[in-house]
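Some notes on the structure that comes next.
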Amino acid sequence: MSVLRPYEGIYDVDVDARVLATMLRFVPHMAAPVRLSFPLGLLLVEFGAPFFGFGMTRFRSMNRARAISYLERIGRGAEPFRMLFDGLRVLVLVAFYQQPEILAALGVDWAPRAEELIARRAKLMNMEPSLANPRNAGVARADASRADDPTGTSS
Amino acid sequence: MNNGAADILLPPEFGIRYQNIEDGQKIGARSVVRKYDADVVIVGSGAGGAPAARRLTDAGFDVLILEEGELHTTESFSTDLIEQSLKLYRDAGSTMIAGRPPIIFTEGRCVGGSTVINGGMSWRTPDRVLDHWSRDLGLNETDPKSMEPYFDEAERILNVEFQNEDTLGMNDKLFVRGAKKLGWEVQDNPRNMKRCVGLNNCGIGCPTGAKQSMLVTEVPRALSAGARMVTSARATKVLFDGGRVSGIAGRFVTPLGRRLGRFEVRARLVVLAAGARFTPGILKRSWLRNPNIGSGLHTHPNAKVIGVFKDRIDPTRGTHQAHQIHHFLEEGLLFGYAAVQPGLLAATTPGFGEEHGRRMELYHHMLTAGVLVEDTGEGKVVMGPDLQPYMRFTLDKSDVEKVHLGVRLLAEQMFAAGAYKVFLPFAELPELKSVDDLGRIDARKHVRHDIELMTVHIMSSARMRKTAQEGVCDSAGRVHDTPGLAIADASVIPSSIGVNPMETIVALALRNADRWIDDLKRR
Numbered sequence: 006m007s008v009l010r011p012y013e014g015i016y017d018v019d020v021d022a023r024v025l026a027t028m029l030r031f032v033p034h035m036a037a038p039v040r041l042s043f044p045l046g047l048l049l050v051e052f053g054a055p056f057f058g059f060g061m062t063r064f065r066s067m068n069r070a071r072a073i074s075y076l077e078r079i080g081r082g083a084e085p086f087r088m089l090f091d092g093l094r095v096l097v098l099v100a101f102y103q104q105p106e107i108l109a110a111l112g113v114d115w116a117p118r119a120e121e122l123i124a125r126r127a128k129l130m131n132m133e134p135s136l137a138n139p140r141n142a143g144v145a146r147a148d149a150s151r152a153d154d155p156t157g158t159s160s
Numbered sequence: 316m317n318n319g320a321a322d323i324l325l326p327p328e329f330g331i332r333y334q335n336i337e338d339g340q341k342i343g344a345r346s347v348v349r350k351y352d353a354d355v356v357i358v359g360s361g362a363g364g365a366p367a368a369r370r371l372t373d374a375g376f377d378v379l380i381l382e383e384g385e386l387h388t389t390e391s392f393s394t395d396l397i398e399q400s401l402k403l404y405r406d407a408g409s410t411m412i413a414g415r416p417p418i419i420f421t422e423g424r425c426v427g428g429s430t431v432i433n434g435g436m437s438w439r440t441p442d443r444v445l446d447h448w449s450r451d452l453g454l455n456e457t458d459p460k461s462m463e464p465y466f467d468e469a470e471r472i473l474n475v476e477f478q479n480e481d482t483l484g485m486n487d488k489l490f491v492r493g494a495k496k497l498g499w500e501v502q503d504n505p506r507n508m509k510r511c512v513g514l515n516n517c518g519i520g521c522p523t524g525a526k527q528s529m530l531v532t533e534v535p536r537a538l539s540a541g542a543r544m545v546t547s548a549r550a551t552k553v554l555f556d557g558g559r560v561s562g563i564a565g566r567f568v569t570p571l572g573r574r575l576g577r578f579e580v581r582a583r584l585v586v587l588a589a590g591a592r593f594t595p596g597i598l599k600r601s602w603l604r605n606p607n608i609g610s611g612l613h614t615h616p617n618a619k620v621i622g623v624f625k626d627r628i629d630p631t632r633g634t635h636q637a638h639q640i641h642h643f644l645e646e647g648l649l650f651g652y653a654a655v656q657p658g659l660l661a662a663t664t665p666g667f668g669e670e671h672g673r674r675m676e677l678y679h680h681m682l683t684a685g686v687l688v689e690d691t692g693e694g695k696v697v698m699g700p701d702l703q704p705y706m707r708f709t710l711d712k713s714d715v716e717k718v719h720l721g722v723r724l725l726a727e728q729m730f731a732a733g734a735y736k737v738f739l740p741f742a743e744l745p746e747l748k749s750v751d752d753l754g755r756i757d758a759r760k761h762v763r764h765d766i767e768l769m770t771v772h773i774m775s776s777a778r779m780r781k782t783a784q785e786g787v788c789d790s791a792g793r794v795h796d797t798p799g800l801a802i803a804d805a806s807v808i809p810s811s812i813g814v815n816p817m818e819t820i821v822a823l824a825l826r827n828a829d830r831w832i833d834d835l836k837r838r
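Chains A and B are the protein sequences, given in the same order. Residues 6 to 160 (this note's numbering) are what the first sequence spells out, left to right. Residues 316 to 838 (this note's numbering) are what the second sequence spells out, left to right.
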């Protein structure tokens, strides 16, 4: 993970433990072939150096620069190595970039906007349709009022 | 004195009551065998299952809906990608279609099915496709005129609208600007929504309730009309009595797939609406012999192109996809755009580490667009050693060419809109720096192995055809030579349709349900 995620600038945040926890939450939910190949991907990265011209060494004993070029080599390699590596890459990156601190660092504010927009829509739905929904007041592509509605909101 | 809490206005979808629902996980241990009786049992509550359930319930039949996923109501939805993916998606969105190249496939597994997590595009099946079904394939009453009332009805059910101007984001404006500069026609996207306010969270469930998915339309309507539903109930095989289908059996399951007790449903009609992967899986597991089951799979693959702009776009602001480009639909290409959460964008952006981090710092400057390819190649749904259905699909030569043409056009559109660089879905050509670089797409060997593709539109794996020698179902979705069994999902779609399939699935389900009602009344 420490090679796959960035650390510089806005990413200088200690979230590794939570990234790992998020990854571990995901794994049991994943499709069986992906789930079963997850440990294979880890083994490939750990012990695959000789197959990619990096000598008889383990991944964890490489320095960062060497580890990066080793992973780049796997990423450019043939299937199934590339796919196994890409599965790991995707899992780490999804888990990392969805951490609240990283979202905040990127300036992503989806959650507070959700609260604001739920309230806005509630208000609009309570208004006269022509004001609330000027483009589609009453009629969209077909007359929506004919579909009876469990919410009682059809115009 | 006013009670402050009582004054808080909530969207109407927050108040929906779901009646007659039983949670399969609460029914009991592995030793339990629960028996149900119904006139009709429907497997799945998505775009096909829910409208069929409502139609049959309204016609006076006792309908039981089985749903493998759980009930998650609108008020429980959030913008948290991880939580929502684990709750609403099958395999947390990690399903793969094996082949060259492998294709990422996502579908919903919850009450409402994939309509809960789709973008809400509501397009009618193009006339040229309907003409093909009717004229070339000889499928009765699938011509545009015969289908029109069902599309009308689908649009009423789904409340199809166009986007209001006040919700359009900068990404929409750039997408439209690029197309117009190139002289391409741009279409307003009809979507199933009720006063969308542009949260742009469609892909992981709409927390505002605006998207009129089956969760907030036909499912509660069918339940309030008397249908019943059992959640966490995975149907595994069809039951037979003599030569006729008599019901369906399965297991209650946890969200992680751990098997609990068994169930059996006896019914006069079994309707499979489990999607184009699991419906053929159930048919195969039930030892139906038709070799066409699972074949003919179309995937409508999607290749992503990202334009990077100097000015800030704020892709999270605005709606999911207010416009599409159908200018190249005759060539089998459809263009759209979407705002995706940083985690998803990161996963599909090349590289890792610091270099990747620098790319992601441009998140607010990126316009993510995609080309959807009307595929001519056909794949298969096959059973794995674990008796689960898996998909195989390899892009054929003409589809590889279409992907390259589509990516080139989309990259050109991005530059026309003002992008200063463009990320491509090719491992060996990940980036273009100017419009002069477009030739590099033509110059590159058009190989399939390094294209990054995803899809949310699989179809045609148990398709309608006149005879059992050609397909799986007849022109009303009844499984050939198997009385008492019908299908109401994307698997029956006779050929690749080239547009987002939700409305086609709904319309066919309504149309076919009318024919099943006649059958049931005659018996």
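Idealized CB from N, CA, C, for every residue including glycine.
DSSP state of residue i mapped onto helix, strand, coil
i, result
"Phe667(B)", "coil"
"Val586(B)", "strand"
"Gln502(B)", "strand"
"Met67(A)", "coil"
"Phe593(B)", "helix"
"Met61(A)", "coil"
"Gly651(B)", "strand"
"Ala734(B)", "coil"
"Phe31(A)", "helix"
"Thr546(B)", "strand"
"Lys526(B)", "strand"
"Asn802(B)", "With the sequence shown as reference, residue 802(B) is identified as Ile, and Asn is not the correct amino acid for it. Three-state DSSP puts Ile802(B) in a strand."
"Lys402(B)", "helix"
"Phe624(B)", "coil"
"Ser393(B)", "coil"
Residue i classed as buried or exposed, judged by whether at least 16 other C-beta atoms fall within 10 angstroms
i, result
"Pro33(A)", "exposed"
"Val531(B)", "buried"
"Tyr544(B)", "Per the sequence shown, the amino acid found at residue 544(B) is Met instead of Tyr. With 16 or more other Cβ atoms within 10 Å, it is buried."
"Thr569(B)", "exposed"
"Thr430(B)", "buried"
"Trp602(B)", "exposed"
"Gly428(B)", "buried"
"Leu25(A)", "exposed"
"Lys341(B)", "exposed"
"Met769(B)", "buried"
"Pro105(A)", "exposed"
"Phe738(B)", "buried"
"Ile283(B)", "Residue numbering for chain B in the displayed model covers 316 to 838; residue 283(B) lies beyond these limits and cannot be assessed."
"Glu670(B)", "exposed"
"Gly498(B)", "exposed"
"His764(B)", "exposed"
"Gln527(B)", "buried"
"Phe420(B)", "buried"
Beta-bridge pairing of residue i - partner residues as DSSP gives them
i, result
"His638(B)", "Asp503(B)"
"Tyr705(B)", "Val697(B)"
"Glu385(B)", "Cys425(B)"
"Trp376(B)", "Position check: residue 376(B) holds Phe in this sequence, whereas Trp was assumed. The partner list for Phe376(B) (beta bridge, DSSP) is empty, contrary to what the question assumes."
"Phe420(B)", "Thr410(B) and Thr770(B)"
"Asn617(B)", "Leu687(B) and Met769(B)"
Taking beta-carbon pairs under 9 Å, can you tell me which members of the region 18-30 of chain A lie near chain B?
Thr27 and Arg30
Using 8 Å as the Cβ pair cut-off and three pairs as the minimum, do the region 126-134 of chain A and the region 77-87 of chain A touch?
no
Would you call the region 390-409 of chain B and the region 460-474 of chain B in contact, with 3 or more CB pairs under 8 Å?
no
May I ask you to verify whether the region 654-671 of chain B touches the region 697-714 of chain B, counting CB pairs closer than 8 Å and requiring at least 3?
no
Is the region 769-781 of chain B close to the region 809-823 of chain B, with three or more CB pairs under 8 Å?
yes
Inter-stretch contact (C-beta, 8 Å, three-pair minimum) for the region 796-810 of chain B and the region 572-591 of chain B
yes
Would you call the region 439-458 of chain B and the region 726-743 of chain B touching, i.e. three or more CB-CB distances under 8 Å?
no
Just by C-beta distance, which residues in the region 43-62 of chain A are closer than 9 Å to chain B?
none
For the region 100-112 of chain A, enumerate the residues whose C-beta is nearer than 8 Å to any C-beta of chain B, in chain order.
From the region 100-112 of chain A, only Ala100, Phe101, Tyr102, Gln103, Ile107, Leu108, Leu111 and Gly112 have a Cβ closer than 8 Å to chain B.
Is the region 488-505 of chain B touching the region 450-460 of chain B, taking contact as three or more C-beta pairs under 8 Å?
no
Are the region 713-720 of chain B and the region 603-612 of chain B touching by the rule of at least three beta carbon pairs closer than 8 Å?
In short, these stretches do not touch, since the Cβ pair count stays below three.
Is the region 619-628 of chain B in contact with the region 663-682 of chain B, if contact means three or more CB pairs nearer than 8 Å?
yes
Any residues in the region 120-145 of chain A with a beta carbon nearer than 8 Å to a beta carbon of chain B? Which ones, in chain order?
Leu122, Ile123, Ala124, Arg125, Arg126, Ala127, Lys128, Leu129, Met130, Asn131, Ala137, Asn138, Pro139, Arg140, Asn141 and Ala145
For the region 640-656 of chain B against the region 47-65 of chain A, are there 3 or more C-beta pairs whose distance is under 8 Å?
no
The region 554-567 of chain B in contact with the region 364-372 of chain B per 3-pair CB rule at 8 Å:
no
Identify each residue in the region 718-749 of chain B for which the Cβ-Cβ distance to at least one residue of chain A is less than 7 Å, and report them in chain order.
Taking a C-beta cut-off of 7 Å against chain A, none of the residues of the region 718-749 of chain B qualify.
Does the region 632-639 of chain B come close enough to the region 746-758 of chain B that 3 or more CB-CB pairs lie under 8 Å?
no
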